[in-house]
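In the numbering used here, the protein residues as written are 20 to 140.
The structure appears below as structure tokens.
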């Protein structure tokens with residue numbers, strides 16, 4: 020009967036072989052190179068000039084969203100001779116994705132603003 024020490028050494032050897040073979044058999048080495056390539060391709064996006072442009076773009080998108088919600092959407096039903104409820108119903112029936120996206124702007128944009136802020140730091 021094998022001793023306990025032999026069994027433990029056998030288990031350790033099996034785990035070592037598994038840890039050695041796992042990256043080779045799952046293609047991890049190729050994936051590592053792909054991540055390295057992706058990181059290299061994105062490197063220019065993290066340069067100060069690119070980050071400044073990204074911040075300017077986000078500020079423009081935020082200003083457009085603010086104007087859409089504060090001016091355009093409240094005035095649009097009157098311009099179309101509809102009540103606000105009729106306009107909401109019309110948008111929900113004919114353009115459900117627009118209605119849904121507009122309703123989510125105040126949730127989505129702060130997340131992107133935080134992402135850009137995180138990239139800037």
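Here a beta-carbon is modelled for each residue, glycine too, at the ideal position from N, C-alpha and C.
Since we're looking at a predicted model, the values are computed, not measured.
Hey, quick one: how far does the alpha helix (DSSP H) through residue i stretch, first residue to last?
{"i": "residue 24", "result": "23–44"}
{"i": "residue 139", "result": "115–139"}
{"i": "residue 84", "result": "67–86"}
{"i": "residue 48", "result": "47–61"}
{"i": "residue 98", "result": "92–98"}
Distance check for residue j and residue i, CA to CA, integer angstroms please.
{"i": "residue 63", "j": "residue 57", "result": "11 Å"}
{"i": "residue 45", "j": "residue 25", "result": "30 Å"}
{"i": "residue 116", "j": "residue 93", "result": "19 Å"}
{"i": "residue 40", "j": "residue 53", "result": "20 Å"}
{"i": "residue 133", "j": "residue 35", "result": "43 Å"}
{"i": "residue 22", "j": "residue 28", "result": "10 Å"}
{"i": "residue 135", "j": "residue 68", "result": "13 Å"}
{"i": "residue 100", "j": "residue 128", "result": "31 Å"}
{"i": "residue 42", "j": "residue 121", "result": "45 Å"}
{"i": "residue 95", "j": "residue 82", "result": "18 Å"}
{"i": "residue 87", "j": "residue 97", "result": "15 Å"}
{"i": "residue 103", "j": "residue 75", "result": "33 Å"}
Take the Cβ of residue i as the centre, count every other Cβ of all protein chains shown within 10 Å, and call the residue buried at 16 or more, exposed below.
{"i": "residue 65", "result": "exposed"}
{"i": "residue 106", "result": "buried"}
For chain B, check one thing: does any of its Cβ atoms lie closer than 7 Å to the Cβ of residue i?
{"i": "residue 78", "result": "This model lacks chain B altogether, as it is built from one protein chain only."}
Is any heavy atom of the ligand GDP found at a distance shorter than 6 Å from the C-beta of residue i?
{"i": "residue 25", "result": "Absent from the structure shown: the ligand GDP. Ligands present: none."}
Under the assumption that residue i contacts residue j (Cβ atoms under 8 Å), give the Cβ distance between them as a whole number of angstroms.
{"i": "residue 131", "j": "residue 77", "result": "6 Å"}
Leaving aside the five residues before and after residue i along the sequence, list all residues of the same chain whose C-beta is less than 8 Å from its C-beta, in chain order.
{"i": "residue 47", "result": "41"}
{"i": "residue 124", "result": "84, 87, 88"}
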